[in-house]
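Colleague: In my numbering, the protein residues as written are 7 to 112.
Beta carbons: idealized from backbone N, C-alpha and C, even for Gly.
Could you have a look at this structure, given as structure tokens, before my questions?
This is the structure in structure tokens:
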């Protein structure tokens with residue numbers, strides 16, 4: 007009897023974990039479908055990063071641009087530290103154009 011109860015308890019705990027994992031997975035997929043990444047592919051990300059090599063950006067800055075492609079000058083200022091010293095106005099516009107080219111707005 008005691009062993010049966012222990013096995014039932016283990017099974018119930020495991021099922022709760024599986025249910026929790028399924029919930030987290032579902033919510034994550036649902037969230038990501040509403041972000042820019044739904045239109046991105048490995049190829050578009052690689053091409054974007056290749057095009058961005060002409061700018062001296064950190065890995066973190068490039069990652070932020072992949073996750074949230076900048077569409078305005080303000081977004082670039084928020085992503086790139088000291089952007090006014092590091093990037094010209096033409097550079098900022100080129101980054102916006104590259105972002106729009108590889109990650110078209112939805």
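1. Would a C-beta distance cut-off of 8 angstroms place residue 109 and residue 45 closer than the cut-off?
2. Within 10 angstroms of its Cβ, does residue 60 collect 16 or more other Cβ (buried), or is it exposed?
3. Use the C-beta contact count for residue 86: other C-beta atoms within 10 angstroms, 16 or more gives buried, fewer gives exposed.
4. For the alpha helix (DSSP H) holding residue 47, just list the boundary residues, first then last.
5. I need the straight-line Cα distance from residue 144 to residue 27, nearest angstrom please.
Modeller: This is what the structure holds:
1. yes
2. exposed
3. buried
4. Segment: none, residue 47 is in no alpha helix (DSSP H) and carries neither H nor E.
5. Since the first residue shown for the chain is 7 and the last is 112, residue 144 is missing from the structure and cannot be characterised.
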